[in-house]
Structures are given as C-alpha cells and as structure tokens.
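Student:
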Amino acid sequence: MNKDIRTKGSMSRNINRFNKNGSYKLSERVARTEAFLDGLAHEVSELVSSIKSLNMMMAEQAERTDKKFDELSNKVSNIGRIPGATLAAWAAVILAVVGLAGNGYVRDQQRLESDLKNTKEIVLQNAKAVSEAGRDVESAKRSIKELDTKLQREVSLVNAETKTEIESLDEKLQIEMVGANEKLLTEMEWVKNELKESRAWRSAHDIRVRGLNESQNERLTVLERAVFKEHTDR
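Counting in the numbering used here, the final residue of the sequence shown is number 234, and the numbers go up one at a time with none missing.
1) Which value, in whole angstroms, describes the spacing of the CA atoms of L173 and K163?
2) Please tell me whether N126 and E28 are closer than 8 Å, where the distance is taken between their beta carbons.
3) Which residue from L147, A140 and T149 puts its Cα closest to that of R32?
4) Who are the Cβ neighbours of K120 in its own chain at under 8 Å, not counting the five residues just before and after it?
5) In whole angstroms, give me the CA-to-CA distance for N213 and E194.
6) Here's a check: name, in chain order, each residue in its chain whose Cβ is nearer than 8 Å to the Cβ of L220, leaving out the five neighbours to either side.
7) Looking only at its chain, what residues have a beta carbon closer than 8 Å to the beta carbon of Q216, apart from the 5 residues adjacent to it on each side?
8) Excluding the five sequence neighbours on either side, which residues of its own chain have a C-beta within less than 7 Å of the C-beta of W190, listed in chain order?
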C-alpha cells in the first residue's frame with residue numbers, strides 16, 4: 001500500500017511538472033506572437049505615416065503644377081503685345097516648359113502611384129500576417145484551455161484515487177488499532193491477575209516467615225531459660 005501511495009505521489013508530481021512545462025511553452029509562444037503583433041502594428045503605423053507623406057507630396061506637386069499653368073496662362077494672355085519673332089521664341093519656350101512640367105508631373109504621379117501600390121501591398125501582407133498571428137494566438141489559447149481541462153480531469157482522478165486509498169488505509173488502521181487495544185487490554189488483565197497472585201503469595205510468605213520467627217523466638221526463650229536454670233542450680 002505504501003508503494004501505491006508513493007506511485008500516486010509520483011504521478012501527481014509528474015502531472016504538476018507537465019502542467020508547468022506545457023503552460024510555460026504555450027505562454028512563451030503566446031508572448032512571441034503578441035510581440036510579433038506589436039511589431040506589425042508599429043510597421044502599419046509607419047506605413048500610414050508614409051501614405052500621408054505621399055499624399056502631401058502629391059498635393060504640393062499639384063500646387064506647383066497649377067502655379068506653372070497659371071504663369072503660362074498669363075504669358076499667353078500677353079501674346080498679342082509680343083512681336084512675331086519674340087512670340088515664336090516664347091512659344092518654343094512655353095512648349096518646352098509645358099513638356100518638361102508635364103513629363104515631370106507624369107513621372108511624379110507614376111512614382112507616387114507605384115509607391116502607393118507598394119504600400120497597399122505591404123499593408124495587405126501585414127494584415128494577412130496579423131490575421132495569421134491572431135489565429136495562432138487563438139490556437140494557443142485553445143491549446144492552453146484544452147491542456148488545463150485535461151490536467152484538471154487528471155488531477156481530479158488522482159485526488160479521487162488518493163482519497164479512496166486514504167480511506168481504505170484509515171479503515172485498516174482503525175481495525176488494527178481496535179485489535180491492538182483488545183490485545184493490550186487482555187495483557188493488562190493478565191498482568192493484574194499476576195499481581196494479585198504475587199500479592200497473595202507474598203502475604204502467605206510473610207505469614208509463614210512470622211510464624212517461623214515466633215517459633216524460633218519461643219525455642220530460644222526455652223533454651224535461654226534452661227541454660228539460666230542450669231547455671232543457677234550450679
């Protein structure tokens with residue numbers, strides 16, 4: 001029975017150790033996932049800031065383009081007062097400026113659209129990663145819950161078995177204690193009887209010794225009287 005109790009104790013320690021290690025690994029995984037989510041949130045925040053910066057750049061570029069077109073419009077309105085040769089020169093300059101401005105605007109627009117497209121793709125990838133990380137967190141939580149439920153069932157089973165063993169051991173000990181008490185009472189009764197017999201024997205012995213002493217004293221008295229009489233007669 002002691003061996004069984006030691007086995008139950010070892011089982012309990014193994015369960016506690018498994019609970020601790022399993023919970024630690026799952027908790028560590030959840031912590032890593034949460035740290036990853038925090039990093040993704042920081043990246044998304046930076047991407048949002050980048051998008052805002054791109055929008056501001058596009059607005060500034062549009063404003064500069066509007067100013068250039070306003071300048072060109074003012075120059076066109078003054079064409080009637082410009083001589084033919086000067087007008088032709090101005091027309092060439094205007095066309096060159098418009099071409100350069102248009103090409104620059106188109107390049108800037110294409111670059112901004114490309115950056116915006118890349119940013120959207122990165123945001124979508126991060127959103128996908130966040131979704132997968134969220135699923136990992138939920139999976140880890142479910143695993144922890146399942147492990148906790150399993151451990152609770154096993155601990156309850158061990159507790160029930162241990163309780164049964166303790167009750168059986170207690171019942172056996174009570175039976176053994178009753179038997180020991182009965183045996184002790186029997187032995188005590190035997191000792192009491194022995195003491196009674198010993199007292200009775202001692203009492204009889206004392207009476208016998210007193211009788212012998214009295215008889216001896218009487219003999220000595222008679223002998224003394226005889227010796228005294230013999231001495232007196234002489």
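Quick reminder that beta carbons are idealized off the backbone N, C-alpha and C, glycines included.
Tutor: From the atom records:
1) The alpha-carbon separation between L173 and K163 amounts to approximately 15 Å.
2) no
3) A140
4) Sequence-distant partners of K120 (beyond 5 residues in either direction) whose C-beta falls short of 8 Å from its own C-beta are missing from its chain.
5) Taken atom to atom, the span from the alpha-carbon of N213 to that of E194 is near 28 Å.
6) So the list is empty, once near-sequence residues are dropped.
7) none
8) none
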